[in-house]
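Here the structure comes first, spelled out in structure tokens, and everything after it is commentary.
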Amino acid sequence: MNALRRLLTNLAESGRTGALHVGGAPGGVIYLVAGRITHAESAACPGIGERLVTSGRLSAGAWQSANGAGRESGTVGRALVRAGHLGHHELACRVVAAITAATHALLQGSDEAPMRFVPGERHWFGVVAQVELGALGPQTAKRLAARPVPHRPRAVRRTRPRVTTTR
Numbered sequence: 001m002n003a004l005r006r007l008l009t010n011l012a013e014s015g016r017t018g019a020l021h022v023g024g025a026p027g028g029v030i031y032l033v034a035g036r037i038t039h040a041e042s043a044a045c046p047g048i049g050e051r052l053v054t055s056g057r058l059s060a061g062a063w064q065s066a067n068g069a070g071r072e073s074g075t076v077g078r079a080l081v082r083a084g085h086l087g088h089h090e091l092a093c094r095v096v097a098a099i100t101a102a103t104h105a106l107l108q109g110s111d112e113a114p115m116r117f118v119p120g121e122r123h124w125f126g127v128v129a130q131v132e133l134g135a136l137g138p139q140t141a142k143r144l145a146a147r148p149v150p151h152r153p154r155a156v157r158r159t160r161p162r163v164t165t166t167r
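In the UniProt record's numbering, the protein residues as written are 1 to 167.
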């Protein structure tokens with residue numbers, strides 16, 4: 001188990017709320033509320049705004065409007081739903097995809113990467129979905145099994161992530 005997974009497990013089990021900043025390459029931040037991951041970002045993968053705009057699901061103008069309206073109060077996701085740009089469940093699915101990709105990228109980083117936890121820090125997007133750390137294990141295993149690796153990959157458990165949406 002790498003250092004990041006150990007620290008994340010400890011934070012999750014103790015029900016912590018805040019942001020775990022991970023340095024090094026690729027670097028990023030994992031946001032937790034009551035021990036569950038509510039957002040994650042990494043330089044190695046697109047953020048939620050880029051994902052929504054490049055997929056064609058949201059116009060750049062709609063993103064900028066919601067971002068401007070909700071960034072200071074941490075309610076960008078809520079602003080998108082309230083304006084009718086996306087349904088809550090669709091947005092939750094897209095947030096879970098962003099969490100999975102960023103967390104996977106961060107877990108592949110070096111064990112020597114500096115890490116610091118900032119209690120109480122919240123993501124500007126707001127809480128749209130919550131993912132338990134244990135649910136990411138099978139998703140990360142699937143990604144590792146799908147890429148070419150020099151060693152023999154482990155068996156992949158076929159489970160679905162446990163996701164809780166909030167309103």
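Glycine included, C-beta positions come from ideal geometry on N, C-alpha and C.
Buried versus exposed call for residue i [16 or more other C-beta atoms within 10 Å across all chains shown]
i, result
"H89", "exposed"
"G28", "buried"
"G87", "exposed"
"G109", "buried"
"A60", "exposed"
"R6", "exposed"
Residue i versus residue j: straight-line alpha-carbon distance, rounded
i, j, result
"A44", "A19", "18 Å"
"I48", "A34", "22 Å"
"V81", "T75", "10 Å"
"L11", "T54", "33 Å"
"Y31", "E72", "17 Å"
Residue i beta carbon near the ligand HEM (any heavy atom closer than 7 Å)
i, result
"V29", "Within the structure as shown, the ligand HEM is missing, as the structure has no ligands at all."
Nearest candidate by alpha-carbon position, reference residue i, set the options
i, options, result
"P26", "A62, R16 and E41", "E41"
"G15", "R5, V96 and R36", "R36"
"F125", "H21, L8, H85 and H39", "H39"
"A101", "G23, G77, R51 and N2", "R51"
On the three-pair Cβ rule with 8 Å, is the segment 61 to 70 touching the segment 114 to 122?
-> The segment 61 to 70 makes no contact with the segment 114 to 122; the number of CB pairs closer than 8 Å stays below 3.
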